[in-house]
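Engineer: Sharing a structure below in structure tokens format, with a few things to ask.
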Amino acid sequence: MTRTTLFIRILAFAAIVAVIAGLFWLQNPAFLSTGNIRALMRHMSVNGVAALGLTFVIVVRHFDLSFPGVASLGAMTMGWLIAIGQPLSLAIGGGLAVGLLIGIFNGIAIARFKLPDIVTTIATGGLAIGFSYFYSNGTSISRNFFMSGLLDINDGRFLGLDRPFAILLGAALVGLLILNASRFGRAFYATGENRTAAWYSGVPVSAIVIAAFALCGLCACLSIVLLVASSGAANVSAGTQLLMPAFAAVYLGAALFGRPSVLATLAGTMLMSLMLNGFTLLAIPYYYSDAIVSTVLILAITCFDPRISGALRRLLPTRKETPA
Amino acid sequence: MTDMTQHSASARVTAAGTRRIVTPGTLLMKYGFFLLVLAVFVIFAALRPTFIAPGNIHGMLMSASIAALMFLGLTWLIAAGEIDVSFMSVAALANMTVAGLVAGGAGWPMAALSGLGMGIVFGLLNATLVAGLRLPALVITIASGALAASIAAAIGRGTSIALSSTGFVGGLLDMRLGALPVLALIVAALYALAWGLQEKLTFGRYVYAMEQNRAAVEEAGVPVNRLLFMLYVLSGVVSALAGVLLAAELSSGQPYLGTSYFLDGLTAVLLGGMALKFGKPNVIGTLAAVLFLTGLLNGAALLGWTDSQRQIVRGALLLVGVGLVVFARSRTHKRKTARPETA
């Protein structure tokens, strides 16, 4: 991608953000109030962290459908550890460890044993949901949450930012270093582009795929920690709401910026959160949110598909930028 | 020219499919799954005599028939190397459409047709985007499934809708021929027809050939996109049909009924692939696997297993199914390369 097309893409993204924000602001001036922008950033944190993890899996051209179930199991593990009186750091560590372990399991099953990714991750996700019922027979856990300091993760501030947003930025920075500013990142993209060529170039292909799934599981559990901290209770269906926004963010970002990357995912998450937050302000019921996300996702994939956008460009007589 | 290549390609595929060496090992792999299905029923009948009480058998046949109907399109889609994860949400949407219309005062025929219409709409949507525009199947069907689920929830404003009458669909479900529910016979006939389509017509050969090498099949002149288009529409229609039947069976509209069918559908198709075709999804296998799952989950419920334990059984079975498929594929592949004359 040349510098000019990147510049045009960033401009286009800024324009879309401005248009969406402007439309919502016209409907409800509270949209651009400080309180709402902070709420938006918090919403973005939960979905953004989950989407970051998924980005790695999409970059190596695999799919992970297990992370919502894994996140539920992580939430219940953490909730249970807090409820039995363990210190907060251990509880969060336990929740994250669940994500990491199942992620590694997924990665090994897919990279080493060549199991098909979609069905395998659906199965492990289903297993994780089944196991998440064991801690409390499916009831939500909130004992000791208030005393443990978990809620401070949501309410505290760090360098003037809300702490969840600071965590997202931190995670994004780490992700950026790994994926877009290091040899590791090259290895992820190379594995995704052409596995055989990557292997012959000395990339440890299996290890990279396992790492991608492990990061995805870890991020899903980190995002559920933020969600549980904001809602104040862990329940077995906590993770299900992560699936659509994460896929939408990664694909929307990839559509806007040409390929999946950490910054593209952040941009996609921001667009999704803008829309969901805006529609919530307009008092549109919660069960429409998936419809909005999925419609945007279908439109994004369709319109930004190279063949289709090419066909549209040929239909329109206007002169567009020259392809890179 | 195109005709010639098409003919020779299909002839070669036929030859590979029919000429197989028969040994006790391959026989066991081919028919072992049916023994497993039988074993489940025998074991549960021995453990809990109520398992084979007429009422329970009838209940199992009804739920198995509806599930089998829902998974018919999915079987061929997975056999062709594609995926559809929207089928259960389309069923939920059809279910809620029927419930919403009937609760709103519309007649059952009208409501049932609208429910089916929803299936056609979503089938066409998936077909256009995946088969027509060649967009990634998984993400598109995740999105269209979420869209369908969201509309289903919106129809009932987030909750279920109870129905006072079940109309002509309820009458159809109550009909019995002797001890057997008529619905089970209809679904069995449908599966027999599907087996014929899959085994006796070029359609079935193309489906399996597509999974092997889509570019080659397309080069051979097979209208791959049109075939895939039909499969997605079929999946939408049979899912919606199952959803309409479920509205009468449950006498209510359940917006979240899809979740329980999701794992079952994939498990049935992949485990079923172990029967007869060494890991390739096929309709008879799916039917047997649906019976297997219904018997297993029903029997486990009679033994007092909780929902979460049954969920774990489902997930574990799916994982085992995938593992077996990959294992069987690698085995048959090795055997084929070892004896080139059979390939």
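Here the protein sequences come in this chain order: F and H.
With this note's numbering, the residue at position 170 of the first sequence is 170, and numbering never jumps.
With this note's numbering, the residue at position 45 of the second sequence is 45, and numbering never jumps.
Glycine is no exception: its CB is placed at the ideal position from the N, C-alpha and C atoms.
Note that the structure is a prediction, hence the values are computed from the model and not measured.
(1) Starting from the C-beta of residue 101 of chain H, find all residues in its chain whose C-beta is less than 7 Å away, skip the five residues before and the five after it, and write them out in chain order.
(2) Output, in chain order, the set of chain F residues within a Cβ distance shorter than 8 Å of residue 322 of chain H.
(3) Just the chain C side, please: which residues come within less than 8 Å of residue 235 of chain H by C-beta, in chain order?
(4) I'd like to know whether the C-beta atoms of residue 221 of chain F and residue 93 of chain F end up nearer to each other than 8 Å.
(5) Leaving aside the five residues before and after residue 47 of chain F along the sequence, list all residues of the same chain whose C-beta is less than 6 Å from its C-beta, in chain order.
(6) Going along chain F in order, which residues have a C-beta closer than 9 Å to the C-beta of residue 212 of chain H?
(7) Within a Cβ cutoff of 6 Å, which residues of the same chain sit near residue 135 of chain H, ignoring the five residues on either side of it in sequence?
(8) For the candidate residues F:67, F:88, F:182 and F:212, whose alpha-carbon lies nearest to that of residue 108 of chain F?
(9) Could you tell me whether the segment 59-70 of chain H touches the segment 243-254 of chain H, using the rule of 3 or more Cβ pairs below 8 Å?
(10) Could you check the C-alpha separation between residue 99 of chain H and residue 247 of chain H for me, to the nearest Å?
(11) DSSP on residue 136 of chain F, reduced to helix/strand/coil?
(12) Return the first residue and the last residue of the alpha helix (DSSP H) that residue 189 of chain F is part of.
(13) With C-beta atoms as the reference, is residue 68 of chain F less than 8 Å away from residue 239 of chain F?
(14) Entirely within the segment 234-281 of chain H and at least 4 residues each: give me those alpha helix (DSSP H) ranges in chain order.
(15) Along the chain, where does the alpha helix (DSSP H) containing residue 139 of chain H start, and where does it finish?
(16) Return the chain-ordered ranges of every alpha helix (DSSP H) run that is complete within the segment 93-176 of chain F and spans a minimum of 4 residues.
(17) Which whole-angstrom value is the C-beta distance of residue 281 of chain H and residue 79 of chain H, which I expect to be below 8 Å?
(18) What number of angstroms, rounded off, separates the C-alpha of residue 313 of chain H from the C-alpha of residue 44 of chain H?
(19) At the 8 Å Cβ level, is residue 357 of chain H part of the contact set with chain F, yes or no?
(20) Strictly under 8 Å for the Cβ-Cβ distance: is residue 104 of chain F near chain H by that measure?
(21) What does the Cβ neighbour count give for residue 321 of chain H, buried or exposed, with the cut at 16 atoms within 10 Å?
(22) Under 8 Å between C-beta atoms, does residue 17 of chain H make it to chain F?
(23) Return the residue from the list F:301, F:87 and F:289 that minimises the CA-CA distance to residue 153 of chain H.
(24) Which residue's Cα is closest to the Cα of residue 272 of chain F: F:283, F:258, F:250 and F:307?
(25) Report the residue from F:277, F:130 and F:203 whose alpha carbon sits nearest the alpha carbon of residue 77 of chain F.
(26) Since residue 276 of chain F meets chain H, which of its residues come closer than 7 Å, beta carbon to beta carbon?
(27) Within the continuous alpha helix (DSSP H) that includes residue 175 of chain H, where are the two ends?
(28) Against chain F, which members of the segment 116-134 of chain H pass a CB distance test of less than 7 Å?
(29) What's the gap between the Cα of residue 309 of chain H and the Cα of residue 303 of chain H?
(30) Below 7 Å between beta carbons is the criterion; list the residues of the segment 46-67 of chain H that meet it against any residue of chain F, in chain order.
(31) Can you tell me whether residue 11 of chain H is buried or exposed? The criterion is at least 16 other CB atoms within 10 Å of its CB, across all chains shown.
(32) Starting from the C-beta of residue 148 of chain H, find all residues in its chain whose C-beta is less than 8 Å away, skip the five residues before and the five after it, and write them out in chain order.
(33) So, for residue 71 of chain H: in the same chain, excluding its five sequence neighbours on each side, which residues have a beta-carbon less than 7 Å away from its beta-carbon?
(34) Quick one, which of F:278, F:141, F:248 and F:32 has its alpha-carbon nearest residue 264 of chain F's?
(35) Counting Cβ pairs closer than 8 Å, one from the segment 49-57 of chain F and one from the segment 216-233 of chain F, do we hit at least three?
(36) Which chain H residues are close to residue 302 of chain F, counting only those with a beta carbon under 8 Å from its beta carbon?
Structural biologist: Looking at the coordinates:
(1) Position 101 of the second sequence, counted from the start, is the residue given in the question as residue 101 of chain H. Taken in chain order, the residues that qualify are 110, 111 and 114.
(2) Within the second sequence, residue 322 of chain H is the residue found at index 322, counting from 1. 115, 116, 119, 120 and 123, listed in chain order.
(3) This model lacks chain C altogether; the protein chains it does include are F and H.
(4) Within the first sequence, residue 221 of chain F is the residue found at index 221, counting from 1. Within the first sequence, residue 93 of chain F is the residue found at index 93, counting from 1. Taking 8 Å as the Cβ cut-off, residue 221 of chain F and residue 93 of chain F do not qualify as a contacting pair.
(5) Here residue 47 of chain F corresponds to residue number 47 of the first sequence, with the count starting at 1. Answer for residue 47 of chain F: 245 and 269, listed in chain order.
(6) Taking the second sequence and counting its residues from 1, the one referred to as residue 212 of chain H is at position 212. Those within 9 Å of residue 212 of chain H in chain F number zero; the least Cβ separation is about 15 Å.
(7) In the second sequence, the residue the question calls residue 135 of chain H occupies position 135. Taking C-beta separations shorter than 6 Å and ignoring five residues to either side along the sequence, the partners of residue 135 of chain H in its chain run 129, following chain order.
(8) To locate residue 108 of chain F, count along the first sequence from 1; it is residue 108. Out of F:67, F:88, F:182 and F:212, F:212 has the C-alpha closest to the C-alpha of residue 108 of chain F.
(9) Touching, yes, given that three or more Cβ pairs across the two stretches are closer than 8 Å.
(10) Taking the first residue of the second sequence as 1, we reach residue 99 of chain H at position 99. Taking the first residue of the second sequence as 1, we reach residue 247 of chain H at position 247. Going by the C-alpha atoms only, they are around 6 Å apart.
(11) Counting from one through the first sequence, the residue named residue 136 of chain F turns up at place 136. Coil, per DSSP.
(12) Locating residue 189 of chain F in the first sequence gives position 189, counting from the first residue. Looking at the DSSP string, the run of the alpha helix (DSSP H) that includes residue 189 of chain F is 183-193.
(13) For the purposes of this step, residue 68 of chain F is taken as the residue at position 68 of the first sequence. For the purposes of this step, residue 239 of chain F is taken as the residue at position 239 of the first sequence. Between residue 68 of chain F and residue 239 of chain F, the C-beta spacing is below 8 Å.
(14) List check, alpha helix (DSSP H) in window: 258-272.
(15) For the purposes of this step, residue 139 of chain H is taken as residue 139 along the second sequence, with counting starting at 1. For residue 139 of chain H, the uninterrupted alpha helix (DSSP H) run begins and ends at 137-155, by DSSP.
(16) Counting whole runs of 4 or more residues, the segment 93-176 of chain F contains the alpha helix (DSSP H) stretches 117-132, 145-148 and 151-155.
(17) Here residue 281 of chain H is taken as the residue at index 281 of the second sequence, counted from 1. Here residue 79 of chain H is taken as the residue at index 79 of the second sequence, counted from 1. Right, their Cβ atoms sit about 4 Å apart.
(18) Counted from its first residue, the second sequence places residue 313 of chain H at position 313. Counted from its first residue, the second sequence places residue 44 of chain H at position 44. Within the model, the alpha-carbon separation for residue 313 of chain H versus residue 44 of chain H is close to 16 Å.
(19) In the structure as shown, chain H starts at 1 and stops at 343, and residue 357 of chain H therefore has no counterpart that could be examined.
(20) Translated into the one-based positions of the first sequence, residue 104 of chain F becomes position 104. No, its Cβ sits nowhere closer than 8 Å to a Cβ of chain H.
(21) Position 321 of the second sequence, counting from 1, holds the residue named residue 321 of chain H. Residue 321 of chain H is classed as buried because its beta carbon has at least 16 other beta carbons within 10 Å across all chains shown.
(22) Here residue 17 of chain H corresponds to residue number 17 of the second sequence, with the count starting at 1. Bear in mind that a pLDDT of 47 at residue 17 of chain H, under 50, signals an unreliable position, so the number given afterwards is only what the model happens to contain. No - not a single Cβ of chain F is within 8 Å of the one on residue 17 of chain H.
(23) Mapped onto the second sequence, residue 153 of chain H falls at position 153. For the residues F:301, F:87 and F:289, the minimum Cα distance to residue 153 of chain H belongs to F:289.
(24) As a working mapping, residue 272 of chain F is identified with position 272 in the first sequence. Of F:283, F:258, F:250 and F:307, the residue nearest in Cα terms is F:250.
(25) For this step, residue 77 of chain F is matched to residue 77 along the first sequence. The option with the nearest alpha carbon to residue 77 of chain F is F:130.
(26) On the first sequence, position 276 is the one that residue 276 of chain F refers to. Contact annotation for residue 276 of chain F against chain H: no contact, minimum CB-CB distance about 12 Å [criterion: below 7 Å].
(27) Here the question's residue 175 of chain H lines up with position 175 in the second sequence. Membership of residue 175 of chain H in any alpha helix (DSSP H) is not indicated, and neither H nor E is assigned to it by DSSP.
(28) Of all residues in the segment 116-134 of chain H, only 129 and 133 come within less than 7 Å of chain F when Cβ atoms are compared, listed by chain position.
(29) On the second sequence, position 309 is the one that residue 309 of chain H refers to. On the second sequence, position 303 is the one that residue 303 of chain H refers to. Distance between the alpha carbons of residue 309 of chain H and residue 303 of chain H is about 12 Å.
(30) The residues in question: there are none.
(31) Within the second sequence, residue 11 of chain H is the residue found at index 11, counting from 1. With a pLDDT of 45 at residue 11 of chain H, under the threshold of 50, the predicted position of this residue should be treated as unreliable, though the coordinate-derived value follows. Under this definition residue 11 of chain H is an exposed residue.
(32) As a working note, residue 148 of chain H is residue 148 in the second sequence. Within the same chain, residue 148 of chain H has close Cβ partners 86, 89, 90, 92, 93, 118 and 122.
(33) Mapped onto the second sequence, residue 71 of chain H falls at position 71. Sequence-distant Cβ neighbours of residue 71 of chain H in its own chain, meaning closer than 7 Å and more than five residues away, are 265, 268, 269, 286 and 290.
(34) Your numbering for residue 264 of chain F matches position 264 in the first sequence. The shortest C-alpha separation from residue 264 of chain F is found at F:248.
(35) Yes, the segment 49-57 of chain F is in contact with the segment 216-233 of chain F.
(36) The sequence position of residue 302 of chain F within the first sequence is 302, counting from 1. Within chain H, the residues near residue 302 of chain F are 129, 133 and 135.
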